[in-house]
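Presented below is the structure to which this report refers.
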Amino acid sequence: MEIRVERREEGAQKAEGHTVMIDVFRAFTLQAYAFHQGCEKIILVQSADQAFDLKRSHPEYILTGERDGVKIPGFDLGNSPSAVARMDLKGKTLVHTTTNGVNGIRYARHADQIVTGAFVNAKATAEYLKRCHPDVVSLVAMGWRNRDTEEDLLCAEYFRSLLLGYEMDSLSDRLQQLRYQEGRKFFNPDTQDIFPRADFSACIQKDIFDFAIIINREEGYDTARCIHA
47 MEIRVERREE
57 GAQKAEGHTV
67 MIDVFRAFTL
77 QAYAFHQGCE
87 KIILVQSADQ
97 AFDLKRSHPE
107 YILTGERDGV
117 KIPGFDLGNS
127 PSAVARMDLK
137 GKTLVHTTTN
147 GVNGIRYARH
157 ADQIVTGAFV
167 NAKATAEYLK
177 RCHPDVVSLV
187 AMGWRNRDTE
197 EDLLCAEYFR
207 SLLLGYEMDS
217 LSDRLQQLRY
227 QEGRKFFNPD
237 TQDIFPRADF
247 SACIQKDIFD
257 FAIIINREEG
267 YDTARCIHA
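Structure, rendered in structure tokens:
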């Protein structure tokens, strides 16, 4: 198995083989919590207009997403994993759009299979990938607004260790250190309505869910569903 670490939109465009799209803060962490709360599927869209079009056809759909971290006006939810973790989503369909992770999936058109990447279900996702016996795995750290971020690069490093079967040194400490890096925004008292502190804790939990999240094309949209280990 050849493992490649790619970065940002440019890396997504180069990704080949089985591709892990990583967005820890917060898109793919939110999706994991949504599936844990019973969500049936998540439709990924690039724009708010696409989301509203789907809502008009399917009023029962739940719109969730952000631009620059802020909940999109008219949406039911923003991009907060800790908020989703308190909801009953059994049988529900979410429509999701974000600045980085969700939009980044559209660039990975050379990938054989796309799965999402976050700490909360990393081990289960790695086990799924190993069962697929891919020749190439591309780990794409999406970052934020096309710049690298520590949490996505750390998650890519963790995925590499899981796939190759070695223990990472000081991972728990490095997860906590994210608080002083990109995670600072979750501790700003002036932006708790956008980046609540509870989201940081939700995002740095490791291997608490036993499923991978797989992206497939359904009815013209990239659609996420979970596959249990």
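Sequential numbering of the sequence shown, starting at 47, is according to the working numbering. The beta carbon of each residue, even a glycine, is placed where N, CA and C say it ideally should be.
Continuous beta strand (DSSP E) stretch holding residue i: start and end
| i | result |
| --- | --- |
| A172 | Here A172 belongs to no beta strand (DSSP E); instead the alpha helix (DSSP H) covers 168-178. |
| Y267 | 267-274 |
| R50 | 48-53 |
| A157 | 157-163 |
Beta-carbon gap between residue i and residue j smaller than 8 Å
| i | j | result |
| --- | --- | --- |
| A157 | G229 | no |
| F241 | G137 | no |
| L185 | E52 | yes |
| I88 | L140 | yes |
| A168 | F205 | yes |
Span of the alpha helix (DSSP H) around residue i
| i | result |
| --- | --- |
| R102 | 94-103 |
| Q222 | 217-223 |
| D245 | 243-249 |
| A87 | The question names Ala, but residue 87 is Lys in the sequence shown. Per DSSP, K87 belongs to no alpha helix (DSSP H); it is in the beta strand (DSSP E), 87-90. |
| D134 | Premise fails: D134 is in no alpha helix (DSSP H) and is neither H nor E. |
| F255 | Unbroken run through F255: none, as it is neither H nor E. |
| T145 | Note, T145: premise wrong, no alpha helix (DSSP H); not H, not E. |
| T75 | 73-82 |
Residue i versus residue j: straight-line alpha-carbon distance, rounded
| i | j | result |
| --- | --- | --- |
| W190 | R152 | 16 Å |
| D215 | P105 | 48 Å |
| V66 | R102 | 32 Å |
| D69 | G266 | 23 Å |
| L209 | V182 | 11 Å |
| C201 | F98 | 32 Å |
| R50 | E213 | 19 Å |
| A58 | G111 | 21 Å |
| R263 | F232 | 33 Å |
| Y79 | D236 | 25 Å |
| G163 | I260 | 10 Å |
| S207 | T269 | 28 Å |
| F255 | L217 | 18 Å |
| A61 | R54 | 11 Å |
| P119 | Q222 | 32 Å |
| L109 | Q96 | 10 Å |
| T171 | Q238 | 31 Å |
| R113 | P180 | 34 Å |
| E173 | F121 | 34 Å |
| K117 | N125 | 7 Å |
| R193 | L199 | 11 Å |
Cross-strand partners of residue i (DSSP beta bridge)
| i | result |
| --- | --- |
| K117 | E112 |
| E203 | DSSP lists no partner for E203. |
From the options, residue whose alpha carbon lies closest to that of residue i
| i | options | result |
| --- | --- | --- |
| R72 | V166, I88, C249 | C249 |
| T243 | I259, Y226, D256 | The sequence as given places Arg at residue 243; Thr does not occur at that position. The shortest Cα separation from R243 among I259, Y226, D256 belongs to Y226. |
| S247 | H274, T162, E197, E56 | E197 |
| D219 | P235, K252, F241 | K252 |
| H142 | Y107, Q223, H82, E173 | Y107 |
| I273 | V116, A154, I160, G57 | I160 |
| G90 | V130, C178, D114, G147 | Here residue 90 is Leu; the residue named in the question, Gly, does not match the sequence. Comparing Cα-Cα distances from L90 to each of V130, C178, D114, G147, the minimum goes to G147. |
| T195 | L224, N167, F205 | L224 |
| T75 | A94, F205, N192, A131 | A131 |
| P127 | Q96, F165, A154 | F165 |
| D134 | H82, E173, T171, Y204 | H82 |
| Q92 | A61, E48, G150, R54 | G150 |
| T144 | M188, Q222, L221, A258 | M188 |
| R155 | A275, L199, E56, A170 | E56 |
| M47 | A94, L100, A129, K176 | K176 |
Heavy atom of the ligand MN within 7 Å of residue i beta-carbon
| i | result |
| --- | --- |
| N192 | Looking at this structure, you won't find the ligand MN or any other ligand, since it has none at all. |
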